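For what it's worth, this note's numbering labels the leading residue of the sequence shown as 149, then goes sequentially. Heads up, the beta-carbon is just placed ideally off N, CA and C, and yes, glycines get one too. Please read these numbers as outputs of a predicted model, since none were measured by experiment. Have a look at the structure below before the remarks.
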Amino acid sequence: MHILVTNDDGPPSNDSSPYVHPFIAALQAHGHTVSVVLPHVQRSWIGKAHIVGHSIRPTYFRPDPIPATLPTSEDGTPRYPNTGTTDSRPLPLSSSAEEWVLVDSTPASCVQIGLHHYFRDRGPIDLIVSGPNYGRNTTAVFALSSGTIGGAMEGAVCGKRSIALSFAFFDRNHDATIIAEACEQAVKVIEHLATNWGSDAQLYTVNVPLQAGVTKQKTVWTEMLQNSWSSGSCFQEVLVPESEDDGPAEAERELRKQEERAEQGGSSLAESGTATPHARYNHMHFKWAPKFKDVYDSVEKSEPGNDGWAVKNGFTSVTPLRANFMHSSANYKGELQL
149 MHILVTNDDG PPSNDSSPYV HPFIAALQAH GHTVSVVLPH VQRSWIGKAH
199 IVGHSIRPTY FRPDPIPATL PTSEDGTPRY PNTGTTDSRP LPLSSSAEEW
249 VLVDSTPASC VQIGLHHYFR DRGPIDLIVS GPNYGRNTTA VFALSSGTIG
299 GAMEGAVCGK RSIALSFAFF DRNHDATIIA EACEQAVKVI EHLATNWGSD
349 AQLYTVNVPL QAGVTKQKTV WTEMLQNSWS SGSCFQEVLV PESEDDGPAE
399 AERELRKQEE RAEQGGSSLA ESGTATPHAR YNHMHFKWAP KFKDVYDSVE
449 KSEPGNDGWA VKNGFTSVTP LRANFMHSSA NYKGELQL
C-alpha cells in the first residue's frame, strides 16, 4: 500500500514525538510505500483545525537511519535515537536519501498537502495513518480535541480510508523493545483493517497499549466512552505581577487612565445607580492544566466494552467512526414550535 503518515506530535523527538520514526520503519519493513508530512512542531489538542490566513511554508526533515545496535540509557534500556536534520530546501531529485515534509500548520493541513500537493510520482495514496500519538486517545474527552484523530478525520472527509493510531504509555521510559512490539501490533491491525474495511466506517481510531507482550493480548472492537470534564476548568489561574505584561505604550495609557479617574473623582454611571454595573476583572494568565483524573475515573466507573476499558486491561482497542457529528435522535423532526 501507499500510506500517507502524519501526526500531531511533530518530527522525531525523545521529549514530544518518540514513536513516529520506528513506526514508519515498521511500515516500510512490511513492504509499504510510506510518504510523510508532519507538523514542524507539536500540535497536540488541536483537533481538525486549519490555520486561516496562514501561508504554509514547508521544510524538509532527513531522519538519521535507525542503527542496528541501539544506544542504551544508563539503566541499559535500548532507546531509539530520534535524530535527524532539517533543511529549508529539499534534496535534489537524484538523491535516494529518505526525506519527510514538515509544514508549519496542523495535522489536518498536513493531510490536505500530502494528498494533493506531493508524492504524485509515487501513485495514488491508499490509506492515511495519523499517528502514533504520544499517549492514548480513548474516551470522548480526549478524542474530541485530538489532533491525531483530527488528521484522520480530514483524510476521511477527503474520501480516503483513514486510521488514527495512538500508543497508550504507562511510563515515559521509551523502551525501544516495547515500542517496536507496539509498532508491529499497529501494522498488523492496520493491514487487517485495510483488507477488511467495514461498510459503515469512514475511519478507525486504534489505541495500542505500550506494554510488553501486547502482540499476545486481545484486539477488540470498542465503542468510544462518553465522558466529560467533571471537576472544573482545564486551566489554572496564574496571577500576573503588576506591569509584567505592559510595554511602554500600555504603561503610558494606564497612567493617563489613572489621571483621568482621579480628575473625575472616580465617579461612574454605575455608582449613580443609573446603569447595571459592569464586570471588573483580575488580570491573570491561564495555564493549560487539564484534570486527567476525570478521564481515568470515568473509565474506572464504566462498563466493559469501551475504548478506555480495553486499554486499561491491556487490549488493543479498535473503534470505527464516521466523519460527522451525528444528530442525537431521529425523534427531532419538523418545525420547532416556539
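* To do: Give the straight-line distance between the Cα atoms of D455 and E339, rounded to the nearest whole angstrom.
  => 20 Å
* Same chain, Cβ closer than 6 Å to P468, five either side skipped, listed in chain order -> G346, A349 and Y352
* Just the Cα atoms here: how many angstroms apart are A437 and T181? -> 39 Å
* **Expected contact under 8 Å - CB spacing of V184 and I194 to nearest Å** => Actually they do not touch by this definition, with Cβ atoms about 19 Å apart.
* Asked: Between the Cα of L313 and the Cα atoms of G295, N321, I326 and E483, which residue gives the shortest distance?
  -> G295
* Bridge partner(s) assigned by DSSP for K435 -> Q384
* Residues that DSSP places opposite Y282 in a beta bridge -> F315
* To do: Under 8 Å by Cβ, that's how I've got Y167 and F315 pegged, so tell me the actual separation to the nearest angstrom.
  => 5 Å
* Please name the residue, chosen from T234, G224 and E246, that lies closest to P213 on a Cα-to-Cα basis. => E246
* Asked: From K435 to S293, what does the alpha carbon distance come to, in whole angstroms?
  -> 17 Å
* Applying the criterion that 16 or more other CB atoms from any shown protein chain within 10 Å of the CB defines a buried residue, is G283 buried or exposed? -> buried
* From H433, Y228 and H150, residue whose alpha carbon lies closest to that of V388 -> H433
* By Cβ distance, which residues of its chain are closer than 6 Å to S416, with the 5 residues on each side in sequence left out? -> Its pLDDT being 47, under 50, S416 is placed unreliably in this model, and the coordinates cannot settle the point.
* By DSSP, does T154 sit in helix, in strand, or in coil? -> strand
* Exposure label - H322; buried when at least 16 CB within 10 Å -> buried
* Asked: How long is the line joining the alpha carbons of A418 and G380, rounded to whole angstroms?
  -> At A418, the pLDDT of 46 sits below 50, so the modelled position is not reliable; the number obtained from the coordinates is stated separately. Cα to Cα, the separation comes out at about 32 Å.
* Asked: Which residues does DSSP pair with V251 in a beta bridge?
  -> P187 and P206
* Asked: Between H198, Y429, E222 and F290, which lies nearest to D442 when the distance is taken from Cα to Cα?
  -> F290
* **Whole-angstrom distance between R205 and V337, CA atom to CA atom** => 34 Å
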